[in-house]
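J.: For reference, the structure I am asking about is given below.
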Amino acid sequence: KEDNEMYKTLPEEMQSWSKEANGRVWIPSMITLPFGTLYPINIEGEMKWGFAEMVDITEEEQKDYPNEQGGFYNKRIDTDNAKVYETFLEGMVEVNSRLKEKEKQKEERS
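Each residue of the sequence shown is one higher than the one before, starting from 2 at the first, in my numbering.
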């Protein structure tokens with residue numbers, strides 16, 4: 002960790018969550034997909050994994066979500082209602098389940 006330049010730039014919390022194994026540094030990070038995101042989250046001083054869905058923003062609420070192009074976003078990541086998992090694996094099971102669901106819906110439309 003002492004020689005890793007990326008590690009040195011991390012916030013203290015992220016440094017404390019990083020692990021060293023087999024000569025490498027594992028740094029938790031976000032996985033963002035079209036239907037949501039899996040991300041590390043601090044729950045009472047412990048790292049957990051949150052999964053937040055991508056949700057539609059109503060036309061009425063869009064004024065609160067301006068984008069860089071002068072318009073407004075129509076979707077957002079709903080971190081207020083995230084599911085929290087103890088381990089990365091549990092979070093990935095959620096992601097996998099949603100991917101399978103999306104694939105099934107795609108096949109049904111075909």
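Where a beta carbon is used, it is the ideal one built from N, C-alpha and C, also for glycine.
Every value quoted in this text rests on a predicted model; they were computed, and no experiment measured them.
With L90 as the anchor, note down where its alpha helix (DSSP H) starts and where it stops.
T.: Walking along the sequence shown from the start, residue 90 turns up at place 89. Looking at the DSSP string, the run of the alpha helix (DSSP H) that includes L90 is F89 to R110.
J.: Less than 8 angstroms separating the beta-carbons of V26 and N5?
T.: For the purposes of this step, residue 26 is taken as residue 25 along the sequence shown, with counting starting at 1. For the purposes of this step, residue 5 is taken as residue 4 along the sequence shown, with counting starting at 1. Contact: yes.
J.: Rounded to a whole number of angstroms, what is the C-alpha to C-alpha distance between T88 and E102?
T.: To locate residue 88, count along the sequence shown from 1; it is residue 87. To locate residue 102, count along the sequence shown from 1; it is residue 101. The straight-line gap from Cα to Cα measures roughly 22 angstroms.
J.: So, S19 versus I28, is the Cβ gap smaller than 8 angstroms?
T.: Walking along the sequence shown from the start, residue 19 turns up at place 18. Walking along the sequence shown from the start, residue 28 turns up at place 27. In this structure, I28 lies closer than 8 angstroms to S19 by Cβ.
J.: For a minimum of 3 consecutive residues, which ranges assigned as the beta strand (DSSP E) are wholly contained in the segment 2-80?
T.: Whole beta strand (DSSP E) segments, 3+ residues: 20-22, 25-27, 32-34, 37-44, 47-57 and 76-78.
J.: Spatial neighbours of V96 within its chain, please: CB distance less than 6 angstroms, with the 5 preceding and 5 following residues excluded, ordered by chain position.
T.: The residue given as residue 96 occupies position 95 in the sequence shown. Once the five neighbours on either side are set aside, the close Cβ partners of V96 are L39.
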